[in-house]
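**Q** One gets this note's numbering by counting positions in the sequence shown from 1 and adding 17 to each. Pasting a structure below so you can have a look.
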Amino acid sequence: MATHTTGVTDVAASASITALRIIDAMLEGSGSFGVSEIANKIGLPKARVHRHLTQLRAAGYVRHSATTRRYELGWRLVLLGNRIASQSSAVTVARPHMEHLRDEVSQTVVFSQVNDQGVVVLEVLPGRAPLDILFHPGTQFGFNAAAQGKIALAFGSEEQLAAWADLEPEVRTEQTVTDRERLAEEVAVARERGWAAAPEETYLGVNAIAAPVLEAGGSLLGTLAVIGSIHYLPDPPEQAVIDALLSAAARLSADFGYEPADDASSPEEMDH
18 MATHTTGVTD
28 VAASASITAL
38 RIIDAMLEGS
48 GSFGVSEIAN
58 KIGLPKARVH
68 RHLTQLRAAG
78 YVRHSATTRR
88 YELGWRLVLL
98 GNRIASQSSA
108 VTVARPHMEH
118 LRDEVSQTVV
128 FSQVNDQGVV
138 VLEVLPGRAP
148 LDILFHPGTQ
158 FGFNAAAQGK
168 IALAFGSEEQ
178 LAAWADLEPE
188 VRTEQTVTDR
198 ERLAEEVAVA
208 RERGWAAAPE
218 ETYLGVNAIA
228 APVLEAGGSL
238 LGTLAVIGSI
248 HYLPDPPEQA
258 VIDALLSAAA
268 RLSADFGYEP
278 ADDASSPEEM
288 DH
């Protein structure tokens, strides 16, 4: 006689997803969180969130302060995050090139990859400028709202571009490009010269320039970007900074197996 376990499996899957949503909500902020804060963030009843937090606490994924009655990330989750980061082959390959670029330009260097909704930061190396720009791995930007997103639109595959076509533009500042015609023009320029900029389009007072990281076959693997205060990374940026970015992106692409065709220019060559 067959045993039907679909209902049990669905319940277990739902519980797992809820636990992950709780952890994700805590990762988006900093410090500690009350049960009500988390419940409001993920749109679930307080009692249900509390039940999951109790289970996560017992397993070491979150910790609870008896004094403040608030929750924060636990030791097991920190260890898990460190393991994932150390085992990420893309970040491992990218880091030496990021360090070299950071040492050249003294600005924050960011390595990102692309998903169905935008560009996600995988690794951040703080710069050495008097005013440094920092944000966390996992930060996501819309395709229209960041230099990295423009690079994704410029170098993405036809299938990717078709999937992204119906996404609503993200508005992050008054300077964010939301007009599709203007965005298309900037993407065309980025494709031609091999890099894109987004002065004050993601954060006010901040500029970013990004270049593509390609893999074997020429498909887009991710983006490499230099980010800094508009005072230290102006628009347009110094040619030396652009050259350093393009060189680093080209070397990183080569490490991922990309070989420019003899009759095609690599991103590093496009700007010269």
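Glycine is no exception: its CB is placed at the ideal position from the N, C-alpha and C atoms.
1. In the structure shown, what three-state DSSP assignment does V188 receive?
2. When we look at the beta-carbon of H153 and count the other beta-carbons within 10 Å, is it buried (16 or more) or exposed?
3. Would you call the region 150–169 and the region 125–141 in contact, with 3 or more CB pairs under 8 angstroms?
4. My guess is that I39 and V66 are in contact by the Cβ rule of under 8 angstroms, so how many angstroms apart are they, rounded?
5. Mapping DSSP to helix, strand and coil, what is M18?
6. Along the chain, where does the alpha helix (DSSP H) containing T85 start, and where does it finish?
7. Does G46 come out as helix, strand or coil in the three-state DSSP assignment?
8. I want to know whether the region 249–266 touches the region 207–219 - three or more CB-CB distances under 8 angstroms.
9. On the CB-based measure, 16 or more other CB atoms within 10 Å of its CB, does I168 come out buried or exposed?
10. Please name the residue or residues paired with N224 in a DSSP beta bridge.
11. Less than 7 angstroms separating the beta-carbons of R93 and Y78?
12. Spatial neighbours of L178 within its chain, please: CB distance less than 8 angstroms, with the 5 preceding and 5 following residues excluded, ordered by chain position.
13. Tell me the rounded alpha-carbon separation between L237 and R86.
14. Report all residues from its chain with a CB closer than 8 angstroms to the CB of T22; omit the five preceding and five following residues, and keep chain order.
15. Taking the alpha helix (DSSP H) that T109 falls in, what are its first and last residues?
16. Between the beta-carbon of T125 and the beta-carbon of V138, is there less than 7 angstroms?
17. For A111, is the classification buried or exposed, using 16 other Cβ atoms within 10 angstroms of its Cβ as the cut-off for buried?
18. Between the region 231–245 and the region 186–197, are three or more C-beta pairs nearer than 8 angstroms?
19. Where does T95 land, buried or exposed, given buried means 16+ other C-beta within 10 angstroms?
20. Whose C-alpha, out of A233, Q256, E232 and L231, is nearest the C-alpha of V243?
21. In or out: R145 buried (at least 16 other Cβ within 10 Å) or exposed?
22. Just curious, the alpha helix (DSSP H) that V194 is in, first and last residue?
23. Quick one: residues in its chain with C-beta nearer than 6 angstroms to the C-beta of V52, no 5 flanking neighbours on either side, listed in chain order?
24. Less than 7 angstroms separating the beta-carbons of V122 and V230?
**A** With the structure as the only source:
1. Reading the sequence shown from its first residue, position 171 is the one you call residue 188. Three-state result, V188: coil.
2. Looking up residue 153 in the sequence shown gives position 136. H153 counts as exposed, since fewer than 16 other C-beta atoms from the protein chains shown sit within 10 angstroms of its C-beta.
3. Counting Cβ pairs under 8 angstroms, three or more are found: they touch.
4. By 1-based counting over the sequence shown, the position of residue 39 is 22. By 1-based counting over the sequence shown, the position of residue 66 is 49. I39 to V66, Cβ: 6 angstroms. Contact.
5. For the purposes of this step, residue 18 is taken as residue 1 along the sequence shown, with counting starting at 1. Per-residue confidence for M18 stands at a pLDDT of 41, beneath the threshold of 50, marking its modelled position as unreliable; no derived number is given.
6. Looking up residue 85 in the sequence shown gives position 68. Where T85 is concerned, there is no enclosing alpha helix (DSSP H), given that its DSSP letter is neither H nor E.
7. Along the sequence shown, read from residue 1 onward, the residue named residue 46 stands at position 29. Residue state, collapsed to three classes: coil.
8. Contact between the region 249–266 and the region 207–219 is present: 3 or more CB-CB pairs across the two stretches fall below 8 angstroms.
9. For the purposes of this step, residue 168 is taken as the residue at position 151 of the sequence shown. So I168 counts as buried.
10. For the purposes of this step, residue 224 is taken as the residue at position 207 of the sequence shown. Bridge partners of N224: G245.
11. For the purposes of this step, residue 93 is identified with residue 76 of the sequence shown, where counting begins at 1. For the purposes of this step, residue 78 is identified with residue 61 of the sequence shown, where counting begins at 1. In this structure, Y78 lies closer than 7 angstroms to R93 by Cβ.
12. Position 161 of the sequence shown, counted from the first residue, corresponds to residue 178. Result list for L178: L170, in chain order.
13. In the sequence shown, counting from the first residue as 1, residue 237 sits at position 220. In the sequence shown, counting from the first residue as 1, residue 86 sits at position 69. Their backbone Cα atoms lie some 46 angstroms apart in a straight line.
14. Translated into the one-based positions of the sequence shown, residue 22 becomes position 5. Low confidence applies here, because T22 scores a pLDDT of 43, under 50, leaving its location unreliable; read the following figure in that light. Excluding sequence neighbours, T22 sits near nothing in its chain.
15. Against the sequence shown, residue 109 aligns to sequence position 92. Run containing T109: S106 to V122, per the alpha helix (DSSP H) assignment.
16. Along the sequence shown, read from residue 1 onward, the residue named residue 125 stands at position 108. Along the sequence shown, read from residue 1 onward, the residue named residue 138 stands at position 121. No; because the gap between Cβ atoms is not below 7 angstroms, this pair is not in contact.
17. Taking the first residue of the sequence shown as position 1, residue 111 is located at position 94. Classification for A111: buried.
18. no
19. Here residue 95 refers to the residue found at position 78 of the sequence shown. Thr is not the amino acid found at residue 95; the sequence shown has Val there. Classification of V95: exposed, given that the 10 Å Cβ count is below 16.
20. For the purposes of this step, residue 243 is taken as residue 226 along the sequence shown, with counting starting at 1. Among A233, Q256, E232 and L231, the Cα nearest to that of V243 is on Q256.
21. Taking the first residue of the sequence shown as 1, we reach residue 145 at position 128. Classification for R145: exposed.
22. Mapped onto the sequence shown, residue 194 falls at position 177. Here V194 belongs to no alpha helix (DSSP H), and DSSP marks it neither H nor E.
23. Residue numbering aside, residue 52 sits at position 35 when the sequence shown is read from its first letter. For V52, where only same-chain residues beyond five positions count, the Cβ hits under 6 angstroms are K63, V66 and H67.
24. The count along the sequence shown starts at 1 and reaches residue 122 at position 105. The count along the sequence shown starts at 1 and reaches residue 230 at position 213. Their beta carbons are not under 7 angstroms apart, which means V122 does not touch V230 by this criterion.
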